[in-house]
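Structure, as structure tokens:
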Amino acid sequence: MQGYFVTGTDTDAGKTTVTAALSVLLGREGARPLVIKPVQTGCLKKGQSLLVPDVACVQSFGGEACALHCYEPPCSPHLAADLAGEKLCCQDLACEVREKALGRTVLVEGAGGLHVPLNESEDMLDLMQALSLPAVLVVANKLGCLNHARLSLEAMQARGLAVAGMVLIRTLPDTHYDAGCGAEAVQADEERILSDNVISLKRMGEALSVPLLADIPYLGDPFDREALLLSLQPAASVLQEKLDAQCSHEKERAEDLAFDREHLWHPYTSASKPLPVFMVRSVHDNKLVLDDGRELIDGMSSWWCAVHGYGNDRLKKAMQRQLAVMSHVMFGGITHRPAIELARRLIPLVPEGLDHLFYADSGSVSVEVALKMAVQYQISKGRPQRQKFLTPMGGYHGDTQGAMSVCDPVTGMHTLFNRLLPDHLFMERPSCRFDKPFDPASLDDARRFLKAYGDEIAAIILEPVVQGAGGMWFYHPDYLKGLYALCKERDILLIADEIATGFGRTGKLFACEWAGITPDICCLGKALTGGMMTGAVTMCTTNVAQGIGAADEEHGGGILMHGPTFMANPLFCAAALASIDELLASPWQERVLQIEARLKEGLSSLRSHTSVRDVRVLGAIGVVETAEPVNMRTLQAFFVEHGVWIRPFNHLIYLMPPFVTPLQDIDRLCVAVRSAVQEGCI
Ligand SMILES: *Cc1c(COP(=O)(O)O)cnc(C)c1O
1 MQGYFVTGTD
11 TDAGKTTVTA
21 ALSVLLGREG
31 ARPLVIKPVQ
41 TGCLKKGQSL
51 LVPDVACVQS
61 FGGEACALHC
71 YEPPCSPHLA
81 ADLAGEKLCC
91 QDLACEVREK
101 ALGRTVLVEG
111 AGGLHVPLNE
121 SEDMLDLMQA
131 LSLPAVLVVA
141 NKLGCLNHAR
151 LSLEAMQARG
161 LAVAGMVLIR
171 TLPDTHYDAG
181 CGAEAVQADE
191 ERILSDNVIS
201 LKRMGEALSV
211 PLLADIPYLG
221 DPFDREALLL
231 SLQPAASVLQ
241 EKLDAQCSHE
251 KERAEDLAFD
261 REHLWHPYTS
271 ASKPLPVFMV
281 RSVHDNKLVL
291 DDGRELIDGM
301 SSWWCAVHGY
311 GNDRLKKAMQ
321 RQLAVMSHVM
331 FGGITHRPAI
341 ELARRLIPLV
351 PEGLDHLFYA
361 DSGSVSVEVA
371 LKMAVQYQIS
381 KGRPQRQKFL
391 TPMGGYHGDT
401 QGAMSVCDPV
411 TGMHTLFNRL
421 LPDHLFMERP
431 SCRFDKPFDP
441 ASLDDARRFL
451 KAYGDEIAAI
461 ILEPVVQGAG
471 GMWFYHPDYL
481 KGLYALCKER
491 DILLIADEIA
501 TGFGRTGKLF
511 ACEWAGITPD
521 ICCLGKALTG
531 GMMTGAVTMC
541 TTNVAQGIGA
551 ADEEHGGGIL
561 MHGPTFMANP
571 LFCAAALASI
581 DELLASPWQE
591 RVLQIEARLK
601 EGLSSLRSHT
611 SVRDVRVLGA
621 IGVVETAEPV
631 NMRTLQAFFV
641 EHGVWIRPFN
651 HLIYLMPPFV
661 TPLQDIDRLC
671 VAVRSAVQEG
681 CI
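Just so you know, we're using this note's numbering here: the sequence shown kicks off at 1 and counts up by one.
This is how it looks when you write it as structure tokens:
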């Protein structure tokens, strides 16, 4: 859909007149645009039908217009809809506009200004963002308009909306003041104000890269149509040029994708033979919007992190506020409220006793820090020979070298880096399924390793209950509990990597809660910021922190040897705080349970399919393990064709949707997975 969204600084700013005139002028230069009024209030009853004033205005110019939701009371859309027993919804309105547009150029006209409410939580600006058309701001030339124009421009730009330009219009005659004593002086003053508005608005526009497209004089009442068209003609030409530029968009995108292929690495891909990538234009709720306007239901939460979906207001606002105050400052020798507040929130939230916290800049780095903590702890206890880690097969802890060295040796490609990576100890994958009774024998291998290498092991590192990227495997919580007890016997630390599982994904806030343990060290990341930005933490018990701190000079002097540049980045802290607030204020546990039930319902029939090895569901994670590795290229394209974003790998097609996903979208994700398997497209 191409065209413009015409908005005003105010009601009665002259929006409709300008829209009507532009529709005619743009029609002269190219295809005639359709004027769409998503919501019209103040309609007049005329027999059985409603007379829609703005539509009538456009038609009187000879333009074509339609209104989607019409109400009689001349009030704000939210109130008018409410009085009619209806509820307006931004995304639905946007869909209706797109359906009406059907490939035509459109001029969508708002109602009133930007923050006119559509319902309790959404306003006109939300609709503009959903439509993502460039805006034309109509400014009524009067006292106070500079302030209104600036607020409007900044509000639109803060939402990432392009503003094509402003149209300044005089809606009142020059002589609207009562004649009488001093009238002439008042008039002269007013003239000075109104002509200065033109200059000041132009300057303001320049500072914000928004051109003033026209300055329309007062044109009488009823206004002189021809004079209006004449004074808007140059503006229409500029807008037409920009429309033509929008048309070459497809060519531009093809060039972008070619550049991407040529120069950019994507995760785990080849630079010489990359797999195709899809251009995402924007995101909202649980949807990814592709560049061609197609919307995909997100089944990935952008790799576990976007638990609140996209564009969450609380998160965006918190980050904007922080950005306005301080986006970054070093953490060496300095502290700040966001860092302190986040720690204050996290400590009582995580399993009890993890009272010390290190801010890392990504999940992998938080794992590096955890490994160092464990080794330094053992050194300070007089056991410097304990520098090995024991970990189950099938684990994933990140892509930096230390983290890689404890990833599954096969999927982590250890053979490739065999000289680079330190050798650690790998025991069998926890064999006892989450959904089967616990078998104590599943701990035998761990016992064997601890007995043989106990004096060399600093810590056991593993993902609690759910092994993620290493195989999407769910094991029995009693395994974790048993392992914890075995560690305690030898003062070997237990590092729980909760980067994927933390913040509700498995149905508990933290997966360690399934086993009722407090690990010695715990890594959090991914959903920590609700997917707004990178950042992670490594938390540990007082025993570990004091242990490290007690080391003498010869053994490191008690200093934890790490300190990233972006440690405790305030913007990250603000995002994380808001994300935790949002999660705790939401019925997340209920949602995760509902998603779990729907995933079970939607996927379990695949269990009997010959090309499927296993189906498992836990919390908001659904996994279909296939007998043969999937064909990424064809399967990815299949899913996009079916309107869903699912990124399979190896033998795994899995779903981990945002918690805010409507249940019918969970069903659609499951239908897509079922179709792929049943149609043999894997
Ligand atoms: C993703 C992940 C990491 C690595 O986090 P990054 O932010 O990608 O560095 C570590 N551990 C687990 C369990 C993960 O899922």
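Each residue gets a CB set at the ideal place from its N, CA and C atoms; glycine is no exception.
If you check the C-beta of H397 against ligand 1, you find a heavy atom less than 6 angstroms away. Annotation for K242: the continuous alpha helix (DSSP H) segment containing it runs 225 to 247. The three-state reading of DSSP puts A458 in strand, counting E and B together.
Separation of L560 and C247 (C-alpha to C-alpha, rounded to the nearest whole angstrom) is 57 angstroms. Its chain contains V617, G622, L655, I666, C670 as the residues whose beta carbon lies nearer than 7 angstroms to that of L599, once the 5 sequence neighbours on both sides are disregarded; these appear in chain order. Rounded to whole angstroms, the separation of the alpha carbons of L83 and K46 is 19 angstroms.
Linking R32 to K100 through their CA atoms gives a straight-line distance of about 14 angstroms.
For V640, the enclosing alpha helix (DSSP H) stretches over residues 632 to 641. For G530, the shortest separation between its Cβ and any heavy atom of ligand 1 does not lie below 6 angstroms. Bounds of the alpha helix (DSSP H) holding Y377 are 363 to 380. Sequence-distant Cβ neighbours of P409 in its own chain, meaning closer than 7 angstroms and more than five residues away, are F426. Shortest gap from the CB of D408 to any heavy atom of ligand 1: 6 angstroms or more. A distance criterion of 6 angstroms places the beta-carbon of S301 beyond contact range of ligand 1, judged by its closest non-hydrogen atom.
Taken from the Cβ of D497, at least one heavy atom of ligand 1 lies inside 6 angstroms. If you draw a straight line from the Cα of P217 to the Cα of L137, it comes to about 17 angstroms. Straight-line measurement puts the Cα of C89 at about 23 angstroms from the Cα of K15.
Taking all protein chains shown into account, W473 has 16 or more neighbouring C-beta atoms within 10 Å of its C-beta and is therefore buried.
In this model, L371 and E456 are separated by some 14 angstroms (Cα to Cα). According to DSSP, residue pairing for D285 in a beta bridge involves Y310. Three or more beta-carbon pairs separated by less than 8 angstroms are not found between the region 516 to 528 and the region 407 to 421, which leaves the two stretches without contact.
Counted as a single uninterrupted DSSP element, the stretch harbouring F449 is not any beta strand (DSSP E) but the alpha helix (DSSP H) occupying residues 444 to 453. Pairing L212 with M156 gives a Cβ-Cβ distance that is not under 7 angstroms.
Set against 6 angstroms, the gap from the CB of A21 to the closest heavy atom of ligand 1 is not smaller. Three or more beta-carbon pairs separated by less than 8 angstroms link the region 323 to 333 to the region 567 to 581, which places the two stretches in contact.
If you check the CB distance, R386 and A458 come in under 7 angstroms.
Beta-bridge analysis with DSSP links R616 to V623. Where D665 is concerned, the enclosing alpha helix (DSSP H) starts and stops at 663 to 678. Taking G468 as the centre and dropping the five residues before and after it, the same chain places the C-beta of Y396, A500 closer than 6 angstroms to its C-beta, in chain order. By the beta-carbon neighbour count (other beta carbons within 10 angstroms, threshold 16), G62 is exposed. G468 has its CB nearer than 6 angstroms to a heavy atom of ligand 1. Put simply, of D435, F449, S431 the residue whose alpha carbon is nearest the alpha carbon of A441 is S431.
By the Cβ rule, the region 216 to 230 counts as touching the region 15 to 27, because three or more pairs are nearer than 8 angstroms. Counting only residues of its own chain and dropping the five nearest sequence neighbours on each side, P74 has a CB closer than 7 angstroms to the CB of T41, G42. For Q40, the enclosing beta strand (DSSP E) covers residues 34 to 40. Using a Cβ distance threshold of 7 angstroms, L114 and S76 do not count as a contacting pair.
7 angstroms or more divides the Cβ of H476 from the Cβ of F449.
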